[in-house]
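> Would you mind keeping the following structure in view while I ask a few things?
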Amino acid sequence: RVVLGIESSCDETGAGLVRDGRLLGHAVASSMAEHARYGGVVPEIAARAHVHSFNPVVQQALDQAGLTMSDIGAVAVTTGPGLSGALQVGLAGAKGIAYALDVPLYGVHHLAGHVAADTLEHGPLPEPCMVLIVSGGHTSLLLVRDLVRDPILHLGDTLDDAAGECFDKVARVFGLPYPGGPAIDRAARDGDRKAVSFPRPLTGTRDERHRFAFSFSGLKTAAARWAEQHRAEGRELPVADGAASLQEAVADVLTRKAVDACREHDVSTLIVVGGVAANSRVRELAEQRCRSAGITLRVPPLGLCTDNGAMIAAVGDLLVRSGAEPAPLDLSIDPSAPLTYAALTPAARAP
Ligand code: ATP
Ligand code: MG
Ligand code: FE
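Numbering-wise (the UniProt record's numbering), the sequence shown opens with residue 4 and increments by one.
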């Protein structure tokens with residue numbers, strides 16, 4: 004079966020087509036530029052943009068795959084977590100297609116999509132595998148067995164801000180353009196990562212509960228204070244050095260904890276996913292540290308790290324092939340869904 008995946012949880016409208024673990028085509032439209040003047044995603048604007056982009060994006064994905072609507076054998080859609088208005092648009096569209104074609108519908112967890120994105124490039128996930136998920140809204144270390152059958156075990160989550168959020172907020176204070184993550188990455192190229200010694204929160208903690216937990220709000224504050232101090236003293240802000248040092252602190256904490264978690268749980272594969280997995284220093288440091296620890300590292304290609312429909316289709320394809328029960332057509336959204344299962348309808352789990 005060809006599975007159509009629909010993503011609309013935030014500011015990207017994505018459609019992807021996957022069959023038997025293979026990506027056939029995908030397209031993404033982003034309303035990012037429309038949010039730039041507000042410095043963050045405006046939910047109402049995002050929802051309207053999804054209405055506008057839904058049909059063209061689905062058509063583009065089909066064109067890229069050389070398929071037509073009638074080739075679609077199942078539909079998977081993000082039902083949470085995310086912005087409710089934005090999720091509603093994708094779900095309504097997905098239901099319409101599933102109903103019109105009389106094909107099964109699956110409600111998928113957005114973050115399971117981020118995890119599954121990697122399978123489109125590197126094949127099935129080894130079981131178990133360690134997953135570091137780092138995005139705009141989440142930062143977690145997960146122990147994953149069968150992604151669509153077993154519950155996902157959280158070894159640690161962020162206690163406050165997500166890593167992406169930290170980049171986005173500090174970028175604003177540094178006067179860098181929106182969105183902040185990619186801007187920090189670019190600015191850091193010309194900077195010295197040892198210029199400022201920012202804190203490494205929750206590393207070396209003796210508290211067992213926090214060994215694999217993260218905290219980025221203190222780091223954010225430290226970076227903001229560093230910038231304010233320069234301004235107060237009338238000195239020019241060395242943005243490149245600040246960006247490189249901040250990026251180093253984030254990448255150091257993320258990769259150190261991820262490698263430690265692999266060692267402790269005797270897991271030989273680490274998968275780094277989510278928007279921040281696109282960060283060049285995170286990728287570089289993860290490679291170095293995994294190589295010296297004898298851990299196999301997998302990171303999705305850049306275009307599949309940030310939000311897209313292909314990753315949702317990838318989860319749908321796994322659900323179809325595992326014989327999971329489809330969702331009823333009265334499926335609804337769950338804007339704050341916890342990440343325990345990839346499928347957001349209980350009946351779809353463990354056939
Ligand atoms: P979530 O998946 O948690 O619901 P989201 O969907 O908004 O959140 P993603 O699309 O996965 O998040 O990722 C967006 C985040 O990734 C933003 O915070 C963005 O700044 C960050 N990001 C993207 N590219 C880079 C980069 N090169 N370096 C650092 N951060 C980046
Ligand atoms: Mg986005
Ligand atoms: Fe995301």
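All residues carry an ideal CB built from backbone N, CA and C; glycine is no exception.
Owing to the predicted nature of the structure, the values given are computational and were not obtained by experimental measurement.
Report all residues from its chain with a CB closer than 7 Å to the CB of residue 367; omit the five preceding and five following residues, and keep chain order.
Nothing can be reported for residue 367: it is not among the residues displayed for the chain, which extend from 4 to 354.
> What does DSSP give as the partner residues of leucine 108 in its beta bridges?
Here residue 108 corresponds to residue number 105 of the sequence shown, with the count starting at 1. Paired residues: Val78.
> Hey, is histidine 117 close to the ligand FE, as in C-beta under 8 Å from one of its heavy atoms?
Along the sequence shown, read from residue 1 onward, the residue named residue 117 stands at position 114. Because some heavy atom of the ligand FE lies under 8 Å away, the Cβ of histidine 117 counts as near it: yes.
> Does DSSP put residue 360 in a helix, a strand or coil?
As displayed, the chain neither begins before 4 nor continues past 354, which places residue 360 out of reach and without an answer.
> For leucine 135 and alanine 227, which I take to be in contact (beta-carbon distance under 8 Å), what is that distance rounded to the nearest angstrom?
For the purposes of this step, residue 135 is taken as residue 132 along the sequence shown, with counting starting at 1. For the purposes of this step, residue 227 is taken as residue 224 along the sequence shown, with counting starting at 1. Incorrect: roughly 25 Å between the Cβ atoms, too far for contact.
> Beta-carbon distances below 5 Å to any heavy atom of the ligand ATP define the shell here; list its residues in chain order, please.
Ordered along the chain, the selected set is Cys13, Ser138, Gly139, Gly140, His141, Gly167, Phe170, Asp171, Pro182, Gly184, Pro185, Asp188, Gly277, Gly278, Val279, Ala281, Asn282, Thr309 and Asp310.
> Would you be able to state if there are at least three C-beta pairs under 8 Å between the stretch 122–137 and the stretch 182–191?
The stretch 182–191 is not in contact with the stretch 122–137.
> What does DSSP give as the partner residue(s) for leucine 156 in the beta ladder?
As a position in the sequence shown, residue 156 is number 153, starting the count at 1. BP columns for leucine 156 point to Leu146.
> Could you give the distance in angstroms between the alpha-carbon of cysteine 308 and the alpha-carbon of leucine 7?
Residue numbering aside, residue 308 sits at position 305 when the sequence shown is read from its first letter. Residue numbering aside, residue 7 sits at position 4 when the sequence shown is read from its first letter. Whole-angstrom Cα-Cα distance: 18 Å.
> Which term fits alanine 89, buried or exposed, when burial requires 16 or more other beta carbons within 10 angstroms of its beta carbon?
Taking the first residue of the sequence shown as position 1, residue 89 is located at position 86. So alanine 89 counts as buried.
> Run through DSSP, which three-state label would serine 200 get?
Mapped onto the sequence shown, residue 200 falls at position 197. Coil.
> Find out if the Cβ-Cβ distance for the pair phenylalanine 170, alanine 230 is shorter than 9 Å.
Taking the first residue of the sequence shown as 1, we reach residue 170 at position 167. Taking the first residue of the sequence shown as 1, we reach residue 230 at position 227. It is not a contact, given that the beta carbons lie outside the stated cut-off.
> Name the two residues that bound the continuous alpha helix (DSSP H) containing glycine 261.
Numbered from 1 along the sequence shown, position 258 holds the residue referred to as residue 261. In the sequence as presented, glycine is not what sits at residue 261; that position holds alanine. Segment 242–267, the alpha helix (DSSP H) holding alanine 261.
> Take leucine 273 as the anchor and find which of Gly96, Ser143 and Asp320 has the nearest alpha-carbon.
Position 270 of the sequence shown, counting from 1, holds the residue named residue 273. That would be Ser143, whose Cα lies nearest to the Cα of leucine 273.
> I need the straight-line Cα distance from residue 425 to aspartate 160, nearest angstrom please.
As shown, the chain starts at 4 and ends at 354. That puts residue 425 outside it, with no answer to give.
> Could you give the distance in angstroms between the alpha-carbon of alanine 345 and the alpha-carbon of alanine 327?
What you label residue 345 is simply residue 342 of the sequence shown in a count that begins at 1. What you label residue 327 is simply residue 324 of the sequence shown in a count that begins at 1. Cα to Cα, alanine 345 sits roughly 11 Å from alanine 327.
> Report buried or exposed for aspartate 310, applying the criterion of at least 16 other Cβ atoms within 10 angstroms of its Cβ.
Residue 310 sits at position 307 when you count from the first residue of the sequence shown. That one is buried.
> At which residue ranges does the stretch 307–348 contain complete alpha helix (DSSP H) runs of 4 or more residues, listed in the order of the chain?
Correct list: 313–324.
> Expressed to the nearest angstrom, what Euclidean distance is found between the alpha-carbon atoms of leucine 322 and alanine 119?
Residue 322 sits at position 319 when you count from the first residue of the sequence shown. Residue 119 sits at position 116 when you count from the first residue of the sequence shown. C-alpha separation (whole angstroms): 11 Å.
> Under 8 Å, with one C-beta from each stretch per pair, do the stretch 108–122 and the stretch 81–98 reach the 3-pair mark?
At 8 Å Cβ cutoff, the stretches touch.
> Give a yes or no on contact between the stretch 12–22 and the stretch 50–59, applying the rule of three or more CB pairs nearer than 8 Å.
Because the criterion of three Cβ pairs below 8 Å is met, the stretch 12–22 and the stretch 50–59 touch.
> Roughly how many angstroms lie between the CA atoms of valine 21 and methionine 314, to the nearest whole one?
Counting from one through the sequence shown, the residue named residue 21 turns up at place 18. Counting from one through the sequence shown, the residue named residue 314 turns up at place 311. Roughly 9 Å between the two C-alpha positions.
> Contact between the stretch 138–153 and the stretch 186–195 is defined here as three or more beta-carbon pairs at a separation below 8 Å; is this criterion met?
Output reads no: the stretch 186–195 does not touch the stretch 138–153.
> Are histidine 268 and leucine 158 closer than 9 Å when you measure CB to CB?
By 1-based counting over the sequence shown, the position of residue 268 is 265. By 1-based counting over the sequence shown, the position of residue 158 is 155. Their beta carbons are under 9 Å apart, which means histidine 268 touches leucine 158 by this criterion.
> By DSSP, does serine 12 sit in helix, in strand, or in coil?
Numbered from its first residue, the sequence shown carries residue 12 at position 9. Correct three-state label for serine 12: coil.
> Closer than 6 Å by C-beta to alanine 254: which residues in its own chain qualify, once you throw out the five before and the five after it? Chain order, please.
Against the sequence shown, residue 254 aligns to sequence position 251. So the list reads Arg284, Val285 and Leu288, once near-sequence residues are dropped.
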